[in-house]
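Inspection log for the structure reproduced underneath, given as structure tokens.
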Amino acid sequence: MSTVAVIGGGPAGLMAAETLAAQGHRVDVYDAMPSPGRKFLLAGIGGLNLTHSEAHASFVARYRERQAQLAPMLVSFGADALREWAHGLGVETFVGSSGRVFPKEMKAAPLLRAWLHRLREAGVHFHVRHRWLGWQAGRAGATVGLRFTAPDGERVVDADAVVLALGGASWARLGSDGAWAPWLRERGVGVATLKPANCGFDVGAQAGRTGDTGDTGGTGWSEHFRSHFVGQPLKSLAASFTDSHGETHQRAGECMISATGLEGGLIYALSAPLRDTIETQGTATLLLDLAPGRSIERLRDELARPRGTRSMSSHLQSKTGIAGVKAGLLRECATAEEFGSPARLAAAIKALPVHLHAPRPLDEAISTAGGVVFEDLDTGLMIRGLPGVFCCGEMLDWEAPTGGYLLTGCFATGRVAGLAAAAWLARDDRSA
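Each residue of the sequence shown is one higher than the one before, counting from 1 in UniProt numbering.
What follows is the structure in structure tokens.
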């Protein structure tokens with residue numbers, strides 16, 4: 001019986017472990033946390049979004065530049081297969097109004113408990129509070145001399161194969177800190193720089209600030225806006241921006257005002273091209289449509305009506321429905337000249353420029369872009385220069401939006417790595 005070390009107890013690592021155990025191998029799962037699946041549990045606090053029900057072609061396109069590499073994996077284990085797998089654990093799922101797929105209980109904990117029980121019944125051994133430290137110096141071979149910090153001190157482990165499922169570098173307190181990147185680079189493995197994905201953004205200086213009562217030093221929200229509107233949601237919005245390649249991206253949805261900028265679903269959906277544009281140009285201008293259900297002509301005509309003794313705020317609310325946080329944002333970002341012209345104010349409501357100058361820090365992001373490049377992996381996700389070492393999950397160089405795509409990608413790559421590791425162990429020429 002061959003022994004496989006799976007390093008990382010998130011969805012990708014656990015799927016690899018389950019796949020290998022089903023092939024008759026002894027599997028040892030090492031996780032830095034006191035229990036496996038910590039980030040998985042966090043993802044399920046608001047309702048575990050397992051996958052998405054949209055058509056396969058659209059689903060695969062969500063993986064952007066890496067859809068060609070992930071497409072075969074998602075064919076063999078995509079949304080439908082993932083739902084069937086969950087049903088096998090006794091977890092029924094349903095499709096929400098947005099097409100997202102959730103467990104009926106809307107929680108991650110029951111699924112994780114059932115899964116861990118099944119894994120233990122299959123003979124999988126768990127070693128918690130074991131943080132990988134790379135390889136022991138002087139040991140030959142990629143699957144020997146695996147160093148761990150353990151509760152009783154440092155431990156060195158040898159295995160017949162290794163599956164690395166160490167996650168990205170967001171939410172380090174849950175175990176994914178990206179510390180593995182330099183250790184793989186030292187072994188000649190290509191690792192693309194880890195970057196925030198599905199993240200919020202900091203705003204730069206805004207043009208208007210007609211309500212500004214404080215100096216922010218040229219960046220961020222004004223003190224007046226921040227004190228009144230941080231934490232409030234912006235609902236019924238449409239957003240667009242043109243990236244550094246001249247491509248226009250558009251989304252509808254909602255987001256939230258943060259202390260330093262914007263975050264939430266609408267922003268996360270655009271985060272990859274926004275991040276890349278800021279990296280290239282230093283800034284990105286997001287155009288927000290605050291009244292997507294009204295035409296610019298209608299807004300212009302309504303705003304041109306006499307307002308008499310009413311304040312501009314009352315006039316705005318009465319004629320356009322713009323009030324509260326939307327009105328505050330309009331005053332923050334539109335100029336006094338625009339407020340003085342119905343036509344220009346209508347244009348600002350339909351395309352309010354919000355200048356973004358930086359993504360939020362990597363550790364705050366929902367997920368990570370960058371990681372082990374596919375060019376250094378074979379089709380089974382084995383590192384070409386390290387025979388017997390496989391990679392899966394978020395530590396690979398791919399990204400996807402929220403909506404179930406992240407978890408599906410992790411499950412699918414974990415399964416591929418597990419199957420490929422089992423096939424490699426069955427070979428007579430393992431060094432090749």
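Quick reminder that beta carbons are idealized off the backbone N, C-alpha and C, glycines included.
Note down, in chain order, each residue of its chain lying with its Cβ closer than 7 angstroms to the Cβ of R100, except the 5 sequence neighbours on either side. N49, H52, G403 and G404
Cutoff 6 angstroms; reference G190; Cβ partners in own chain excluding five residues on either side: V373 and D376
Could you work out which residue in A327, G46, A304 and S227 is closest to L288 when comparing CA atoms only? A327
Three-state secondary structure (DSSP) at L50? coil
T277 classed as buried or exposed, judged by whether at least 16 other C-beta atoms fall within 10 angstroms: buried
With distances taken Cα to Cα, identify the nearest neighbour of C391 among L406, L407 and R415. R415
Nearest-angstrom Cα separation, counted from G134 out to V163: 13 angstroms
If you drop the 5 nearest sequence neighbours on each side, which residues of the same chain put their C-beta closer than 8 angstroms to that of G282? H357
According to DSSP, is A291 part of a helix, a strand, or is it coil? coil
Helix, strand or coil: how does DSSP classify W135 here? strand
Considering Cα atoms alone, identify which of A159, D28, I296 and A365 is closest to A346. I296
Contact between the stretch 383–390 and the stretch 296–306 (3+ Cβ pairs under 8 angstroms): no
Would you kindly check if the distance between the Cβ of V157 and the Cβ of D31 is under 9 angstroms? no
So within the stretch 102–186, which uninterrupted beta strand (DSSP E) runs reach at least 3 residues, ignoring any that extend past its ends? 125–127, 131–135, 146–150, 153–157 and 161–164
Considering D28, what are the terminal residues of the alpha helix (DSSP H) in which it resides? Not the alpha helix (DSSP H): D28 falls in the beta strand (DSSP E), residues R26 to Y30.
Measure the alpha-carbon distance for V354 versus W85 and round it to whole angstroms. 43 angstroms
Cα-Cα, which of G88, P36, G370 and V95 is closest to E65? G370
Coarse secondary structure for P359, derived from DSSP in three states: strand
To the nearest angstrom, how far is the alpha carbon of A192 from that of H315? 52 angstroms
Can you give me the Cβ contacts of G178 inside the same chain, cut-off strictly under 7 angstroms, excluding the 5 residues immediately before and after it? G168, A169 and L194
Using the three-state DSSP reduction, which class does V91 fall into: helix, strand or coil? coil
Is it the case that the Cβ atoms of G200 and P36 are separated by a distance below 9 angstroms? no
Looking only at its chain, what residues have a beta carbon closer than 8 angstroms to the beta carbon of H130, apart from the 5 residues adjacent to it on each side? Y30, D31, A32, F148, T149, A150 and R155
Applying the criterion that 16 or more other CB atoms from any shown protein chain within 10 Å of the CB defines a buried residue, is G13 buried or exposed? buried
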